[in-house]
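Contents: one structure, followed by commentary.
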Amino acid sequence: MSDTMKAVVLARFGDSSAFELRQVPVLAVGPREVRVRIHATAINPLDYQIRRGDYADYVPLPAIIGHDISGVVAEVGSDVTEFAAGDEVYYTPKIFGHAGSYAEQHVADVSLVGRKPRNISHLEAASLTLVGGTVWEAFVTRAQLGVGETVLIHGGAGGVGSIAIQIAKAIGARVITTASPRNDDFVRGLGADEVIHYGSEDYVDAVATLTGGRGVNVVFDTIGGDALTRSPLVLADFGRVVSIVDIKQPQNLVEAWGKNAAYHFVFTRQNRGKLDALTNLIERGLVKPVIGAVLPLARMGEAHELLENGSARGLRGKVAIDVVGETVALPSRR
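Written out as structure tokens, the structure is:
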């Protein structure tokens with residue numbers, strides 16, 4: 001095995017030109033670690049936030065970033081019994097302070113790693129690890145979304161929202177989502193019961209109409225801004241708001257207090273348990289990956305630009321990276 005590998009390295013904080021394709025050393029495998037040959041990774045908003053310097057204090061440069069991996073085990077540590085060379089796996093690497101997924105290989109603590117669902121490809125699996133873990137944390141661990149409850153999902157056509165719709169339906173909830181009119185059929189096809197259109201409808205008024213004034217039990221915010229600040233106005237009593245977006249300004253929670261609402265801000269924790277639960281849903285056909293574009297590793301900067309400006313390009317779902325091939329599939333303009 002070669003002692004070097006190709007990796008896309010973040011050389012400085014800035015725009016998409018900050019990446020460099022380099023040969024870097026391959027890390028040694030510890031007793032409770034596995035080495036994985038990466039077949040695919042994917043891009044998340046967290047990735048371009050790190051790239052532009054939003055978390056500069058937590059990411060020493062140069063850095064290999066990236067938070068989704070699907071691949072094949074190449075080597076196991078001396079104390080690893082859960083996996084063997086040749087096993088197909090998927091997982092999210094540790095976030096901040098550790099090497100990420102923009103590379104040909106990765107070494108991970110075995111506790112993070114799950115078996116890849118048998119019925120999907122590596123590209124599809126890589127599109128699900130961080131997103132799936134985040135949604136599971138939001139709905140199951142934090143909001144404890146229940147059968148028959150109603151959830152409002154902001155941004156249903158995006159990489160997170162498209163998976164959130166499917167997991168909420170698998171739980172047995174009624175799903176209301178916001179989306180542009182052009183994505184109406186798409187989000188309904190994922191399982192959304194009702195769609196509120198950006199621009200032409202006020203979501204607070206629309207939720208009141210759709211719920212007979214009762215409001216929703218859970219709001220899942222993937223957007224921030226107005227989607228978060230006005231969320232208390234759509235909540236039923238004892239409702240829950242779960243957001244995956246940083247708060248950029250103080251929030252007035254008077255409306256939330258009056259409804260005894262609970263707020264949760266999720267930065268997902270990685271573990272095999274959430275992946276195993278997600279795999280169960282995928283192999284039962286209840287959750288299907290949504291990939292909007294595929295690019296090779298060498299075009300990482302272009303992939304970042306695509307995700308950052310995805311709504312203008314008609315992007316739906318995730319931007320995936322084919323590490324072992326030269327697959328390119330971009331969204332068509334609508």
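With UniProt numbering, letter number 175 in the sequence shown gets 175, and the count goes up by one each step, no holes.
Ideal placement from N, C-alpha and C gives every residue a C-beta, glycine not left out.
Is residue i helix, strand or coil when you go by DSSP?
i: F267; result: coil
i: Y58; result: helix
i: V135; result: helix
i: R334; result: Per-residue confidence for R334 stands at a pLDDT of 48, beneath the threshold of 50, marking its modelled position as unreliable; no derived number is given.
i: V73; result: strand
i: S78; result: coil
i: V187; result: helix
i: N280; result: helix
i: S121; result: coil
i: P31; result: coil
i: Q144; result: coil
i: K94; result: coil
i: L295; result: strand
i: L10; result: strand
Under a Cβ-count criterion, where at least 16 other Cβ atoms within 10 Å of its own Cβ denotes burial, should residue i be classed as buried or exposed?
i: L27; result: exposed
i: R118; result: exposed
i: V147; result: exposed
i: P93; result: buried
i: D237; result: exposed
i: residue 353; result: Residue 353 is absent from the structure shown; the chain starts at 1 and stops at 334.
i: P60; result: exposed
i: R269; result: exposed
i: G71; result: buried
i: Y91; result: buried
i: A329; result: exposed
i: S231; result: buried
Do residue i and residue j have their C-beta atoms within less than 8 Å of each other?
i: T41; j: I282; result: no
i: D202; j: V175; result: no
i: S121; j: K318; result: no
i: Y48; j: F96; result: no
i: residue 335; j: V73; result: Because the chain in this structure spans residues 1 to 334, residue 335 falls outside the shown range and cannot be described.
i: L315; j: P331; result: yes
i: F220; j: A164; result: yes
i: I69; j: S17; result: no
Using the Cα positions of residue i and residue j, report the straight-line distance between them to the nearest angstrom.
i: L190; j: Q166; result: 6 Å
i: D226; j: I64; result: 33 Å
i: G155; j: G325; result: 31 Å
i: A261; j: A143; result: 11 Å
i: D276; j: L112; result: 11 Å
i: N309; j: S78; result: 45 Å
i: R334; j: R182; result: Because R334 carries a pLDDT of 48, less than 50, the predicted location of this residue cannot be relied on, and no value is offered for it.
i: W136; j: V160; result: 11 Å
i: I50; j: V323; result: 21 Å
i: S2; j: L21; result: 17 Å
From the beta carbon of residue i, is the nearest beta carbon of chain B less than 8 Å away?
i: S162; result: The structure shown has no chain B; it contains just one protein chain.
- Message: Under 8 Å, with one C-beta from each stretch per pair, do the segment 281-293 and the segment 32-39 reach the 3-pair mark?
- Response: Flag = no, the segment 281-293 and the segment 32-39 do not touch.
- Query: Is it a yes or a no for the segment 74-85 touching the segment 295-312, going by three-plus beta-carbon pairs under 8 Å?
  - Reply: Taking a cut-off of 8 Å on C-beta distances, the segment 74-85 does not touch the segment 295-312, as fewer than three cross pairs fall below it.
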